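There are 2 protein chains.
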Amino acid sequence: MSPPFATVKGMADVPVIDRTSTTLRVAEALRTMLFAGDLHPGEPLREVSLAESFGVARSTVREAFQVLATEGLVTRYPNRGVAVTALSADDLDEIFGARLVLESAGVRAGTSGSDLKPVVEALAVYAEAVDSPGADGQAESTRAHLEFHNSLVALLGNARLLASAHALTADLRLGLASVERVRRNARDQVADHRKLLRLVRAGDERGAVAELERHLAAAKTSVAARVVGG
Amino acid sequence: MSPPFATVKGMADVPVIDRTSTTLRVAEALRTMLFAGDLHPGEPLREVSLAESFGVARSTVREAFQVLATEGLVTRYPNRGVAVTALSADDLDEIFGARLVLESAGVRAGTSGSDLKPVVEALAVYAEAVDSPGADGQAESTRAHLEFHNSLVALLGNARLLASAHALTADLRLGLASVERVRRNARDQVADHRKLLRLVRAGDERGAVAELERHLAAAKTSVAARVVGG
DNA sequence: CCGACAATTATTGTCGGACAATCTGACGAG
DNA sequence: CTCGTCAGATTGTCCGACAATAATTGTCGG
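Chains A and B, in that order, give the protein sequences.
Just so you know, the first sequence maps onto residues 4 to 233 in my numbering.
Just so you know, the second sequence maps onto residues 4 to 233 in my numbering.
Here it is as structure tokens:
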């Protein structure tokens, strides 16, 4: 049933060709700029200016804005354009509250038989990112950290919930990018996560959820202390 | 402090003016057409055709498509346009699985002290919609039904999770619109929901979650039987 | 000095047209 | 039957234009 030329043996390293639209490529470029902290929360994004620097049409930039706006990374102000989303204290409450619901549901699934390998791997990546210096600043380390949390949600085996979790953490990365210089006792953080994983592995649902709740609460206050706005 | 003309006494019913962009108005128009079942799953949406019938530019329609695509109501097929999203059996699994996570979390909040008034009201609206014939077909009844379920999520007091729930039910409405003619024993349905609310009110977390799980599972098979695709 | 008001400027929202790239389906050659 | 070729349709992207709206500046009477 499978066609004879489905996979050719000797050509494994052919450069993969970008078959995405320029709109999505512009959105991706803006996304990395946002996560890298090149653009600060509240800063307006001008259509013409970006169109020129990217070498694309204004309409293309507008479509990219639409994508990022629905992702929550930028905010539209009618007739005034879009700006990098600035998180308020209420936003943080909502984000961490939503994460607690999703991640604790994932933990419950983990304590009752789901395959924990992805979580273990995510934690390994996270630990490695913390240990290695990394030329990209703390960006990779926070990415890996949040990816560990998302891997908990992934235990539910539900792509839609995982997408929601990704959206939540993306918004957080936005707020963190500007102040991510501070990274005290990252090792302790990793240890925290190891403890959480251990509880999940042991099947201790109560304990694991409690540990997650504690961890998220601590993270929230830590983030809130650095992110301004009200 | 208030200006003298802030509110004029005798002109309470001045038609409120749409201050939304035409893009969003086009998206809204398409949304209602989708929910009303005027457009069938899989059916392609042509940019020029719609632009002409709406009397707007093609770029405006494209932006509206972008909005609907991120909501999941339509699906982009690169270089081939957008089409009404058709739900597969796997999609139904994901949607109902995600709903179970969110709504059961809401139920848990409800059994531990959240104010149940919004849920009670949503149920009243639902019951009323089922009793009254309604010129708009079953559209209003299903809307009210799903809105009841969303009101459970609203108990969490988290706008982001509520938005996710809305997105999930919107996708469902899409699939249901085409086959919503069948509506057997809608009264029994309402009774089911009354039972759920009673359990929540009594603070019976276990029982309420179990009842919700049972209800969603039944709904899924009922929907899956009518919605084609694999 | 200050607030209200008018004028200017910058920017967005929307339009229309244009063109290349891509997909689809039909057709004909081997 | 498979493979290239071709024409038609549709999308992706660009450009230029304009009115509507918001932000800024300038003016003036108190």
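Note that CB positions come from ideal geometry on N, CA and C, so glycine has one too.
Remember, it's a predicted structure, so these values are computed and weren't measured experimentally.
Whether residue i touches residue j by CB criterion (8 angstroms)
i: leucine 175 of chain A; j: isoleucine 98 of chain A; result: yes
i: leucine 37 of chain B; j: alanine 180 of chain B; result: yes
i: leucine 158 of chain B; j: glycine 113 of chain B; result: yes
i: arginine 111 of chain B; j: glutamate 208 of chain B; result: yes
i: proline 121 of chain A; j: serine 24 of chain B; result: no
i: leucine 48 of chain A; j: valine 230 of chain A; result: no
i: valine 29 of chain A; j: valine 77 of chain A; result: no
i: alanine 227 of chain A; j: alanine 101 of chain A; result: no
i: threonine 73 of chain A; j: threonine 73 of chain B; result: yes
i: leucine 171 of chain B; j: arginine 79 of chain A; result: no
Nearest-angstrom Cα separation, counted from residue j out to residue i
i: valine 123 of chain A; j: alanine 220 of chain A; result: 23 angstroms
i: leucine 119 of chain A; j: arginine 22 of chain B; result: 50 angstroms
i: histidine 43 of chain B; j: valine 87 of chain B; result: 7 angstroms
i: glycine 160 of chain B; j: glutamate 55 of chain A; result: 43 angstroms
i: alanine 147 of chain B; j: alanine 125 of chain B; result: 7 angstroms
i: phenylalanine 151 of chain B; j: glycine 109 of chain B; result: 12 angstroms
i: alanine 39 of chain A; j: serine 52 of chain B; result: 42 angstroms
i: threonine 224 of chain B; j: histidine 196 of chain A; result: 39 angstroms
i: aspartate 41 of chain B; j: alanine 142 of chain B; result: 12 angstroms
i: leucine 177 of chain A; j: glycine 75 of chain B; result: 24 angstroms
i: serine 117 of chain B; j: alanine 222 of chain B; result: 26 angstroms
i: valine 70 of chain A; j: glutamate 31 of chain A; result: 10 angstroms
i: isoleucine 20 of chain A; j: phenylalanine 57 of chain A; result: 20 angstroms
i: arginine 3 of chain A; j: leucine 103 of chain A; result: For residue 3 of chain A there is no data in the structure shown, the boundaries of chain A being 4 and 233.
Neighbourhood of residue i by C-beta distance below 6 angstroms, restricted to the same chain and skipping five residues each side
i: alanine 168 of chain A; result: Leu105, Asn153 and Val156
i: valine 193 of chain B; result: Ala130 and Val133
i: leucine 202 of chain B; result: Gly210, Ala211 and Glu214
i: alanine 173 of chain B; result: none
Cβ neighbours of residue i in the same chain (closer than 8 angstroms, five flanking residues each side left out)
i: glutamate 50 of chain B; result: Arg61, Val64, Arg65, Phe68 and Gly84
Proximity test, Cβ basis, 8 angstroms: residue i and chain B
i: proline 47 of chain A; result: no
i: leucine 215 of chain A; result: no
i: leucine 171 of chain A; result: yes
i: glutamine 69 of chain A; result: yes
i: alanine 86 of chain A; result: no
i: serine 62 of chain A; result: yes
i: asparagine 161 of chain A; result: yes
i: valine 212 of chain A; result: no
Proximity test, Cβ basis, 8 angstroms: residue i and chain A
i: alanine 54 of chain B; result: no
i: proline 81 of chain B; result: yes
i: glycine 100 of chain B; result: yes
i: leucine 95 of chain B; result: no
i: glutamate 208 of chain B; result: no
i: glutamate 66 of chain B; result: yes
i: asparagine 188 of chain B; result: no
i: valine 104 of chain B; result: yes
i: threonine 145 of chain B; result: no
i: glycine 233 of chain B; result: Any reading at glycine 233 of chain B must be qualified, since the residue scores a pLDDT of 45, below 50, and its modelled position is unreliable; no value is offered.
7 angstroms Cβ shell around residue i - same chain, five flanking residues per side excluded
i: histidine 218 of chain B; result: Asp195 and Leu199
Near the ligand ZN: residue i beta-carbon under 7 angstroms from a heavy atom
i: valine 85 of chain B; result: Annotation note on the ligand ZN: not contained in the displayed structure, which lists no ligands.
* Ignoring anything shorter than 4 residues or poking outside the stretch 40-103 of chain B, list the alpha helix (DSSP H) runs there in chain order. => 50-57 and 61-74
* Asked: Along the chain, which unbroken stretches of the alpha helix (DSSP H) at least 4 residues long are found entirely within the stretch 130-179 of chain A?
  -> 142-157
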